């Protein structure tokens, strides 16, 4: 069931255009924000946030537990899991927007490239050290891999809990600090699995050297997870600056190569992750 749902979500997300248009409106996040605002009118803000983050998965777990364990109950459970997983993966549609960014870079359209970068929450297109590629690889982890990992390990309830914690961790208010810590804890294992798959999907030797680099500074856990993914992914791409950039510090044509390579390695890692789910399912380690 887990593998079947994950494969359907992967296919629909990549090829069903109406889903992309619906997701672009950010209705889920806007709905969560409205719910949080309403609860905050009668409850302290930290309590309202905790009710959403932990209460919604609890209600979902109780709902799924009420379904019969076989027959029509399994169909209902699978349908609910499929629908919710479609809502949880790729909220920013990084893969599609990365393709638009690469095309804008190839067309040497700096304004369009900058607009695409801003939509993805990335730095401007003309940056040094291939920061765009690193951030796209990190976004691939946040949008796809981490959610699929926790769905495979703990089901749709844990996947929902992870996404809600991430939603709260992205806020700027002081009450978000505990959720950032929780997210760092949740990300620790899948981030290292993702980095290992990056080694298999790209340049193993360079990626491993970046992983084991003794000069890496100590960082808080959430930042360390993202830094590991970006560092290993950057090295695994095995790209160098293009000669057509001349002496300029960065050029759009060069960035297009990095963006395309980053999007491609993220796709390969997601496919490898689905392969792992298939392997564990066939061995009876996942249902």
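Numbering (the working numbering), first residue to last: 60 to 346. Positions of the beta carbon are idealized from the N, C-alpha and C atoms, including for glycine. From a predicted model like this one, the values you see are computed outputs, not experimental measurements.
A straight line joining the alpha-carbon of residue 337 with that of residue 67 spans about 13 Å. Along the length of the region 116–159, whole alpha helix (DSSP H) runs at least 4 residues long occupy 131–147, reported in chain order. Membership of residue 291 in the alpha helix (DSSP H) is indicated by the continuous run 280–296. Taking 7 Å as the cut-off, the beta carbon of residue 211 is found closer than this to the beta carbon of residue 61. Buried is the label assigned to residue 238, since at least 16 other Cβ atoms lie within 10 Å of its Cβ. Counting of Cβ neighbours within 10 angstroms places residue 279 among the exposed residues, the total staying below 16.
Taking the Cα positions, residue 141 is about 43 Å away from residue 274. Contact check for residue 234 and residue 92: beta-carbon distance about 15 Å, past the 8 Å limit, so the pair fails to qualify. Annotation for residue 276: no alpha helix (DSSP H) segment contains it, and DSSP assigns it neither H nor E. No residue range can be given for residue 201, since it is assigned to no alpha helix (DSSP H) and is classified by DSSP as neither H nor E. Residue 291 has its alpha-carbon roughly 6 Å from the corresponding atom of residue 270.
Ranked by how close their Cα comes to the Cα of residue 200, the residues 152, 231, 137 and 241 have 152 in first place. Between the alpha carbons of residue 175 and residue 161 lies a gap of roughly 9 Å. A Cβ-Cβ distance of about 6 Å is found for the pair residue 333 and residue 69, placing them in contact under the 8 Å criterion.
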